[in-house]
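**Q** Mind looking over this structure? Questions follow.
Protein chains: 2
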Amino acid sequence: MLKEERHKIILREINLHNKVLSNDLSELLVVSEDTIRRDLNELAEQGLILKVHGGAMSKTFHYPFNGQNQVYALEAKKVIADKTISLFKKDMLILLEGGTTIMEIAKKIPDDLQATFLTVSPQVALTLAEHENIDVITIGGRLAKNANIHTGASVINELSNIRPDLCIIGTNGISVQSGLTDSDWEVVQVIKAMIQASRKVAVVSIAEKFNTVQKIKISDITAIDYLITELPPESSVLSSYIKKEKPLLL
Amino acid sequence: MLKEERHKIILREINLHNKVLSNDLSELLVVSEDTIRRDLNELAEQGLILKVHGGAMSKTFHYPFNGQNQVYALEAKKVIADKTISLFKKDMLILLEGGTTIMEIAKKIPDDLQATFLTVSPQVALTLAEHENIDVITIGGRLAKNANIHTGASVINELSNIRPDLCIIGTNGISVQSGLTDSDWEVVQVIKAMIQASRKVAVVSIAEKFNTVQKIKISDITAIDYLITELPPESSVLSSYIKKEKPLLL
DNA sequence: CGGGTTTTTGCATGAATTTGCATACTTTTG
DNA sequence: CAAAAGTATGCAAATTCATGCAAAAACCCG
């Protein structure tokens, strides 16, 4: 059997069934597993497949949603992401909302972090799934078209049954007077439930959103444990948000 | 024996079997392997064949993966998508699984269709959300990394509480003997529950997957109402799958 | 036909590729 | 954390390959 012939059969198997085990291939092609491994490595180097422990997978599944439009204030959001990730510890149960800032966080999570993530956003779920060592659980429900997060009674209900260590929400409006605000009633209900469920709440927001107010109130600032922006904690914009040392600035 | 004559025979052999071994050719044509090698090199230079270690292979057979990250057998899947969409009617409740074929369906749904879609795949959910007039409900759960669909007890449980009009599943293996099969236990449980929940079940699969068997059984062919491939319904490959006019071929 | 030229062929040699095994190492799993 | 499964690495045997060369065959043209 020619090597290239094996390669074709392997590619076919993967394209047909999305994944293969070295074990099965070695039986199917009647060669040693070493040879199969060498084949898989070659195909992976050519970028045709994705090598994983014990076999290989189709690349097709991974990240079809990368062609996103440009993210506004991307650099600031990356800074926020790094700060936020410093809160993540091993074996934590972490609840993530949706939005572009949260997406940056999901992207930048270190590959060696072991933790379980819950999210109401399909995009965030898919991004999280790229990291080997984390478990991803999606809280399903009606997909709100504008925000692309799951909403509705079932989401609220599921949230009432969990108790995450930490919850990260990106807000639409934040001000000392009105607290956290948003413009979509359904989304507000979900975020309220998220805050209610979690032991600690972190709000991530670029400085530009500070002192803006939307139509519907989510919560007071006092309910927030961490407030994370791209600015240094001692920044003057932030000082007015602090009452009795809460929230903690990062 | 003239060189050109040998070349013709070699090309015929390759077109016939898609590959040749230098060894076999040397016996067949009663010349030394060196000569065969020289022949193969010449043919390869003319771009007629693909020279590989130990022999040569057909060039045309060199696989339907055009670029990288491309969907395998995309055209076939688009044909399947069109056929499948013809089953969708106004106000239906339709349950979709995941996978590249289902993704093509999700993309091609007409914008004027009013219906509610349920899915266990974040990718499918996001794609569906692009269409104005449909409601999208994600069934959440633990995100299985390899298949990118939600699995686990919560998914099974949620599925037991709904009764969709139609369920579309893409299978991993399908054969008359073993029915629908897959290689991932968690995924199998979900698909079983999907079939159980739904009034009608449609299976979509490219013809290439027919008569392949994976390790875990999902269901018998008799549980399927519609079987949709890129081939015309009268195709001979399909006839053996029909017992008592079920499933209906599209 | 025939002699010179070109092309083709087979062989020898050493180099390169491929494969399976042994070993030590890493990852996964219960 | 220990057993099991999977992986990387080096190595040796077998096969295949490139190259140079000389003999054989084919070709050309008068």
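The listed protein sequences derive, respectively, from chains A and B. Under my numbering, the first sequence has 328 at position 180, and the numbering climbs by one with no breaks. Under my numbering, the second sequence has 320 at position 172, and the numbering climbs by one with no breaks. Note that the Cβ used here is the ideal one computed from N, Cα and C, for glycine as well. Please read these numbers as outputs of a predicted model, since none were measured by experiment.
Excluding the 5 residues flanking residue 375 of chain B on each side, which residues of the same chain have their C-beta closer than 6 Å to its C-beta?
**A** Closer than 6 Å at the Cβ level, and outside the excluded window around residue 375 of chain B, lie 351, 395 and 397.
**Q** Can residue 318 of chain A and residue 269 of chain A be called in contact, C-beta distance under 8 Å?
**A** No. Outside cutoff.
**Q** Out of B/283, B/266, B/335 and B/261, point me to the one whose CA is closest to residue 296 of chain B's CA.
**A** Among B/283, B/266, B/335 and B/261, the Cα nearest to that of residue 296 of chain B is on B/335.
**Q** Using C-beta distances below 6 Å, list every residue in its chain close to residue 302 of chain A, excluding the 5 sequence neighbours before and after it, in chain order.
**A** These residues qualify, in order along the chain: 289.
**Q** Give every residue of the same chain whose Cβ lies closer than 8 Å to the Cβ of residue 162 of chain B, excluding the five residues on either side of it in the sequence, and list them in chain order.
**A** Excluding positions up to five away in sequence, the list reads 168, 197, 204, 205 and 206.
**Q** Around the Cβ of residue 195 of chain B, are there at least 16 other Cβ atoms within 10 angstroms (buried) or fewer (exposed)?
**A** So residue 195 of chain B ends up on the exposed side.
**Q** Whose CA, out of B/349, B/271 and B/181, lies closest to the CA of residue 209 of chain A?
**A** Minimum Cα distance to residue 209 of chain A is reached at B/271.
**Q** Run through chain A and tell me which residues come within less than 7 Å of residue 283 of chain B, C-beta to C-beta.
**A** Within 7 Å Cβ-Cβ: 290.
**Q** To the nearest angstrom, how far is the alpha carbon of residue 171 of chain A from that of residue 170 of chain B?
**A** Approximately 29 Å, taken between the alpha carbons.
**Q** Compare the C-beta of residue 356 of chain B with all C-beta atoms of chain A and state if any pair is closer than 8 Å.
**A** Chain A, which has a Cβ nearer than 8 Å to the Cβ of residue 356 of chain B, makes this yes.
**Q** In chain order, which continuous runs of the alpha helix (DSSP H) of length 4 or greater are located wholly inside the segment 289-348 of chain B?
**A** DSSP runs (the alpha helix (DSSP H)) wholly in the segment 289-348 of chain B: 301-308 and 333-345.
**Q** Taking 8 Å as the CB-CB limit, is residue 296 of chain A close to chain B?
**A** Yes, because at least one Cβ of chain B sits closer than 8 Å to the Cβ of residue 296 of chain A.
**Q** Take residue 226 of chain A as the anchor and find which of A/240, A/242, A/239 and A/250 has the nearest alpha-carbon.
**A** Selected option, being the one with the closest Cα: A/250.
**Q** Mind checking residue 165 of chain B: buried by the 16 CB within 10 Å criterion, or exposed?
**A** So residue 165 of chain B counts as exposed.
**Q** Where do the N-terminal and C-terminal ends of the alpha helix (DSSP H) with residue 354 of chain A fall, by residue?
**A** Here residue 354 of chain A belongs to no alpha helix (DSSP H), and DSSP marks it neither H nor E.
**Q** Residue 219 of chain B versus chain A: which residues are under 7 Å apart at the beta carbon?
**A** Per Cβ cutoff of 7 Å: 208.
**Q** Pick out whichever of A/252, A/259 and A/240 has its Cα sitting closest to the Cα of residue 266 of chain A.
**A** It is A/240.
**Q** Put residue 387 of chain B into one of helix, strand or coil per three-state DSSP.
**A** The answer is helix: DSSP assigns residue 387 of chain B an H, G or I state.
**Q** With a cut-off of 8 Å, does the C-beta of residue 165 of chain A fall near any C-beta of chain B?
**A** So, interface residue.
**Q** Checking contacts by CB at 8 Å: is residue 248 of chain A closer than that to chain B?
**A** So, not an interface residue.
**Q** Tell me the rounded alpha-carbon separation between residue 263 of chain A and residue 333 of chain B.
**A** Each residue's Cα considered, the two are about 23 Å apart.
**Q** Cα separation between residue 153 of chain A and residue 348 of chain B?
**A** Going by the C-alpha atoms only, they are around 41 Å apart.
**Q** Determine the contact status of residue 329 of chain A and residue 363 of chain A, defining contact as a CB-CB distance below 8 Å.
**A** Closer than 8 Å, so yes.
**Q** Can you tell me whether DSSP reads residue 380 of chain B as helix, strand or coil?
**A** Residue 380 of chain B: coil per DSSP, three-state reduction.
**Q** What is the DSSP secondary structure of residue 198 of chain B, reduced to helix, strand or coil?
**A** Three-state DSSP puts residue 198 of chain B in a strand.
**Q** DSSP three-state call for residue 224 of chain A: helix, strand or coil?
**A** Residue 224 of chain A: helix per DSSP, three-state reduction.
**Q** Residue 334 of chain A versus chain B: which residues are under 9 Å apart at the beta carbon?
**A** None at all; the shortest Cβ gap to chain B is about 13 Å.
**Q** Any C-beta of chain B within less than 7 Å: which residues of the segment 252-273 of chain A qualify?
**A** For the segment 252-273 of chain A, which is checked against every Cβ of chain B, the residues closer than 7 Å are 270, 271 and 273.
**Q** Can you pull the chain A neighbours of residue 287 of chain B, defined as C-beta to C-beta under 8 Å?
**A** Those are 288, listed as they occur along chain A.
**Q** Along chain B, in chain order, which residues have C-beta atoms closer than 7 Å to that of residue 152 of chain A?
**A** Residues of chain B passing the Cβ test: 200 and 205.
**Q** With 8 Å set as the bound, which would you pick, yes or no: does the beta-carbon of residue 301 of chain A sit closer than that to a beta-carbon of chain B?
**A** Judged by the 8 Å Cβ criterion, residue 301 of chain A is not in contact with chain B.
**Q** Report the three-state DSSP secondary structure of residue 205 of chain A (helix, strand or coil).
**A** If DSSP states are grouped into helix, strand and coil, residue 205 of chain A belongs with the strands.
**Q** Which first and last residues belong to the alpha helix (DSSP H) in which residue 188 of chain A is found?
**A** Run containing residue 188 of chain A: 181-193, per the alpha helix (DSSP H) assignment.
**Q** Out of curiosity, what's the CA-to-CA distance linking residue 316 of chain B and residue 312 of chain A?
**A** So the two alpha carbons sit approximately 34 Å from each other.
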